[in-house]
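Asks:
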Amino acid sequence: MLNIEKEILIKMYETMVRIRRFEERAGELVAKGEIKTPCHLYIGEEAVAAGVCQALERDDYIFGNHRSHGHYIAKGGDIKSLMAELFCKATGCSKGKGGSMHIIAPEIGLLGTPPIVAASIPIAVGTALASSIKNENKVSVSFFGDGATNEGVFYESLNFAALKKLPIIFVCENNLYSTHMPLAKILADTSIAKKASAFGLPGIQIDGNNAIEVYQAAKEAINLARNGGGPTLIECKTYRWRGHVGFSDDLDKGLRSKEELDYWMAKCPIKRLEEELIKDNLLSQEEKEEISQKIEKEVERAVQFAKESPYPEEAELSENIFKDV
Ligand SMILES: Cc1ncc(C[n+]2csc(CCOP(=O)(O)OP(=O)(O)O)c2C)c(N)n1
Ligand SMILES: [Mg+2]
Numbered sequence: 054m055l056n057i058e059k060e061i062l063i064k065m066y067e068t069m070v071r072i073r074r075f076e077e078r079a080g081e082l083v084a085k086g087e088i089k090t091p092c093h094l095y096i097g098e099e100a101v102a103a104g105v106c107q108a109l110e111r112d113d114y115i116f117g118n119h120r121s122h123g124h125y126i127a128k129g130g131d132i133k134s135l136m137a138e139l140f141c142k143a144t145g146c147s148k149g150k151g152g153s154m155h156i157i158a159p160e161i162g163l164l165g166t167p168p169i170v171a172a173s174i175p176i177a178v179g180t181a182l183a184s185s186i187k188n189e190n191k192v193s194v195s196f197f198g199d200g201a202t203n204e205g206v207f208y209e210s211l212n213f214a215a216l217k218k219l220p221i222i223f224v225c226e227n228n229l230y231s232t233h234m235p236l237a238k239i240l241a242d243t244s245i246a247k248k249a250s251a252f253g254l255p256g257i258q259i260d261g262n263n264a265i266e267v268y269q270a271a272k273e274a275i276n277l278a279r280n281g282g283g284p285t286l287i288e289c290k291t292y293r294w295r296g297h298v299g300f301s302d303d304l305d306k307g308l309r310s311k312e313e314l315d316y317w318m319a320k321c322p323i324k325r326l327e328e329e330l331i332k333d334n335l336l337s338q339e340e341k342e343e344i345s346q347k348i349e350k351e352v353e354r355a356v357q358f359a360k361e362s363p364y365p366e367e368a369e370l371s372e373n374i375f376k377d378v
C-alpha cells in the first residue's frame, strides 16, 4: 500500500506524463528543424523533477542547468511559454532570447537554468543564504548532473552550506554520463552521495526512477532544511534515453550500448508509478487514458501557440539580456 495521499501521487504521475509528452514533441520538432535551439531532453529522468518539486512549495526556489525543461514543468511552469521559448518567440518564458538552455520563471520560483556546468550550485547557495538572513522560510534547490560534481564550486558550495546550515537541497541527477563520458571513467569512487560526509552534511543515494522514493527523500530533506537543520545532498540514480543533446538516442556513436538503454527503458519511471497506482486502485485505465488525452491536447496547444507567436522585435533585441542597473 502506498502511504502518500492519492492527490499527490496522481499529480506526480501527471507531471511525469506532461514532461515526457512535451519532450517527445520537442524532439520531433528538433528533428524536423522547426526548433533550432539545442535541446537536451529529459526523457527517462522525469521522476527526479516530479518527485522533488512535488515536495516543494510554489515560493521555494529552484535552479536548473542545460537539461531543465522537466524542472520548469514540474515546478508548475506554463508549457505554452516553454514551447514558445524553444521556438525563440517573444511569448517565451525568456522572451525568446534564452532558448532551451536559459529558461527562467520567477513566478514559480525557477530563478534560472545556467548551462555553464555547476553554475547554479553556488547561485542556489546564494539564495539560500539570502533566505536565511531574511528569515524567509524558503528552501532552495539546485538540480545538477553527475558531471557537475567534478567542478570545484560543488565542493565549496557543500562546505559553505553545511557551515552556515543553509536551507538548500543539492539534487544530483546521476544519469551515468557527462556528455559522452561514462562516470566510471572519470571518478575513482563513483558514489556521489558519499562526498557529502567530508563536509558534515547528510548524503543519500536513491533510485531516481522511483518517483515515490524521490518524493519521500525530498520531503524529509526539505523539512530538515526549513526547520534550520541545514542542507542535504540527494544523489538520484537515473538515465537519459536520448543522446546528450538533440532528438536521437545516439546509439550509432558507439558510446553506450543498446543493452544498457534497454535495461533503463525497462525501468521507465512513468510505467513504474503507473503500475503501482493501478495495483492500489488509485488509477483506472479510463483515468489513465483521460490524463494522456488531456496532456496530448495541452502540448498541441503549446505547439500551436509557439508557432503563431511573433519573434521579438528587432528594437528589443538588446533588452533583457543583462540585468539593468
Ligand atoms: C564549465 C562547462 N564545461 C563544459 C561545458 C559543456 N557541457 C555542457 S553539458 C556537459 C555535460 C554535463 O554533464 P552532467 O553534469 O552529468 O549533466 P547531464 O548532461 O548528464 O544531464 C558539458 C561538459 C559547459 N557547459 N560548461
Ligand atoms: Mg550526467
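So the sequence shown is numbered by my numbering: it starts at 54 and just counts up by one. The beta carbon of each residue, even a glycine, is placed where N, CA and C say it ideally should be.
Please identify the residue among Y125, I63, K148, H297 whose C-alpha is closest to the C-alpha of H233.
Replies: Here the question's residue 233 lines up with position 180 in the sequence shown. Of the candidates Y125, I63, K148, H297, the one whose C-alpha sits nearest the C-alpha of H233 is H297.
Asks: Nearest-angstrom Cα distance between A143 and L304?
Replies: Looking up residue 143 in the sequence shown gives position 90. Looking up residue 304 in the sequence shown gives position 251. One C-alpha to the other measures close to 36 Å.
Asks: Under a criterion of Cβ closer than 7 Å to any non-hydrogen atom of ligand 2, which residues qualify, in chain order?
Replies: G198, D199, G200, E226, N227, N228, L229, Y230, S231
Asks: Determine the direct distance from the alpha carbon of G151 to that of S371, and round the result to whole angstroms.
Replies: By 1-based counting over the sequence shown, the position of residue 371 is 318. By 1-based counting over the sequence shown, the position of residue 151 is 98. The alpha-carbon atoms of S371 and G151 are separated by roughly 12 Å.
Asks: If we count Cβ pairs, one from each stretch, closer than 8 Å, do we get three or more for the stretch 126-142 versus the stretch 95-112?
Replies: yes
Asks: Closer than 7 Å to a non-hydrogen atom of ligand 1 - does that hold for the CB of P168?
Replies: The residue labelled residue 168 in the question sits at position 115 within the sequence shown. Indeed, a heavy atom of ligand 1 lies less than 7 Å from the Cβ.
Asks: Relative to the C-alpha of G282, which residue among P255, E288, Q357 is closest?
Replies: Along the sequence shown, read from residue 1 onward, the residue named residue 282 stands at position 229. For G282, the nearest C-alpha among the options comes from P255.
Asks: Under the assumption that L326 contacts I265 (Cβ atoms under 8 Å), give the Cβ distance between them as a whole number of angstroms.
Replies: Position 273 of the sequence shown holds residue 326. Position 212 of the sequence shown holds residue 265. Between I265 and L326 the Cβ distance is about 7 Å, and since that is below 8 Å, they are a contact.
Asks: Please confirm whether any heavy atom of ligand 1 lies closer than 7 Å to the CB of H93.
Replies: In the sequence shown, residue 93 corresponds to position 40, counting from 1. Yes, Cβ of H93 sits closer than 7 Å to a heavy atom of ligand 1.
Asks: V194 to A172, Cα distance in whole Å?
Replies: As a position in the sequence shown, residue 194 is number 141, starting the count at 1. As a position in the sequence shown, residue 172 is number 119, starting the count at 1. The alpha-carbon atoms of V194 and A172 are separated by roughly 13 Å.
Asks: Taking DSSP as the reference, what is the three-state secondary structure of G299?
Replies: On the sequence shown, residue 299 is found 246 positions in, with the first residue counted as 1. G299: coil per DSSP, three-state reduction.
Asks: Over the uninterrupted beta strand (DSSP E) stretch that includes C225, give me the two end residues.
Replies: The residue labelled residue 225 in the question sits at position 172 within the sequence shown. 221-227 is the extent of the beta strand (DSSP E) around C225.
Asks: Report yes or no: do three or more beta-carbon pairs, one from the stretch 67-81 and one from the stretch 340-352, lie closer than 8 Å?
Replies: yes
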